[in-house]
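To keep things clear, I will list the structure first and then write my remarks on it.
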Amino acid sequence: MAIRALVARKLPRVLALARRMLGEDGEAEDVAQETFIRAWKIAPRWRPGTAKFDTWLHRVALNLCYDRLRRRARITGEAPPDQADPAPGPDRNLQARDIGARVDASLQALPSRQREAIVLCHYQELGNIEAATLMKVSVEALESLLARARRTLRATLADLITDD
Amino acid sequence: MTDADDRHEARRLDRLLDTAPTLAASPLLRERIILAAPRPRAGAWRWLTGFSLGAGLAAACAAGVLAGLVVAPSSASANLDPTEDAAMLLREPPDVSEGR
Numbered sequence: 002m003a004i005r006a007l008v009a010r011k012l013p014r015v016l017a018l019a020r021r022m023l024g025e026d027g028e029a030e031d032v033a034q035e036t037f038i039r040a041w042k043i044a045p046r047w048r049p050g051t052a053k054f055d056t057w058l059h060r061v062a063l064n065l066c067y068d069r070l071r072r073r074a075r076i077t078g079e080a081p082p083d084q085a086d087p088a089p090g091p092d093r094n095l096q097a098r099d100i101g102a103r104v105d106a107s108l109q110a111l112p113s114r115q116r117e118a119i120v121l122c123h124y125q126e127l128g129n130i131e132a133a134t135l136m137k138v139s140v141e142a143l144e145s146l147l148a149r150a151r152r153t154l155r156a157t158l159a160d161l162i163t164d165d
Numbered sequence: 539m540t541d542a543d544d545r546h547e548a549r550r551l552d553r554l555l556d557t558a559p560t561l562a563a564s565p566l567l568r569e570r571i572i573l574a575a576p577r578p579r580a581g582a583w584r585w586l587t588g589f590s591l592g593a594g595l596a597a598a599c600a601a602g603v604l605a606g607l608v609v610a611p612s613s614a615s616a617n618l619d620p621t622e623d624a625a626m627l628l629r630e631p632p633d634v635s636e637g638r
């Protein structure tokens, strides 16, 4: 019962993080499942006070996401983009679903570290200090990643932002 | 562009980001994860039989009192968060670098 409650509470956030990082439902589910399986293996050796459970879950999920992103890059022969890929031209007659898909595509086009910063701060709603700790960067570096990511997203989604 | 325009654009971007599709956890995924969770070891109290009668009875009494103290507040409190209870059972992981 306790395990079920723990999974009910933590799984949605882990799954959301993986989905935003990977952009693909099946891979996100695989990452979420593997994250918890690793948690169960570690459980007998857990010691209090070393790290927060949520932080640990985030870190494991992100590491697994990066493993998949590197594998994807090896298979396709493409390096992950250092610069954001410009989005397709604007189409003003978009349904809400299409807008969401375009936003998702713009997120996936971001360099992975910028996407990670946006995912942790905007979607996971972590504070800057916590997100920077997870990413093993300074708060200033995190804020720089966020600023660049948001600048890129504003540019690629400019037509949607000015539509009111 | 003024500061107000900047803030308006930032809020608009935030709202746009919220339109990106989410992925709900399917019951199948949830059950696979739960089924993979560790189970209590069978015969966890087997060690009691290795003691003499006096030590065994004293240990059993102490265990019963402790179980009662642990269970009673949980059953009495309607506000106990089950996820906090679960976290207490699982305790905290040793290192955030685990998982590589």
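Protein chains in written order, with the numbering used here: chain V, 2 to 165; chain R, 539 to 638.
Built from N, CA and C at the ideal position, the CB exists for glycine as well.
(Q) Only counting the same chain, and skipping five residues up and downstream in sequence, which positions put a Cβ closer than 8 Å to that of Leu23 of chain V? (A) Ala29, Val32, Cys66, Arg69 and Leu70
**Q.** Inter-residue CB distance, Leu16 of chain V and Leu561 of chain R (contact presumed, cutoff 8 Å)
**A.** 6 Å
Q. Leaving out five residues before and five after Arg149 of chain V in sequence, what residues of the same chain have Cβ atoms less than 7 Å from its Cβ?
A. Gln115
Q) Going by beta carbon distance, what residues of the same chain come within less than 7 Å of Ile100 of chain V, once the five residues before and after it are set aside? A) Leu161
(Q) Report the CB separation of Ala118 of chain V from Leu158 of chain V in whole angstroms; it is logged as a contact under 8 Å. (A) Their Cβ separation, rounded to whole angstroms, is 17 Å, which puts Ala118 of chain V and Leu158 of chain V out of contact at 8 Å.
Q) Taking just the CA atoms, how far does Thr153 of chain V sit from Arg577 of chain R? A) 48 Å
Q. Using DSSP with H/G/I as helix, E/B as strand and the rest coil, what is Arg39 of chain V?
A. helix
Q. Nearest-angstrom Cα distance between Glu131 of chain V and Gln109 of chain V?
A. 23 Å
Q: Could you tell me whether the Cβ of Ala574 of chain R comes closer than 7 Å to any Cβ of chain V?
A: yes
Q. Going by C-alpha distance, which of V:Ala9, V:Ser113 and V:Met136 is nearest Ala74 of chain V?
A. V:Ser113
Q: Please name the residues in the segment 546-560 of chain R whose beta-carbon is closer than 8 Å to at least one beta-carbon of chain V, in chain order.
A: Glu547, Ala548, Arg550, Leu551, Asp552, Leu554, Leu555, Thr557, Ala558, Pro559 and Thr560
Q.
With a threshold of 7 Å between beta-carbons, can Arg568 of chain R be considered close to chain V, or not?
A. yes
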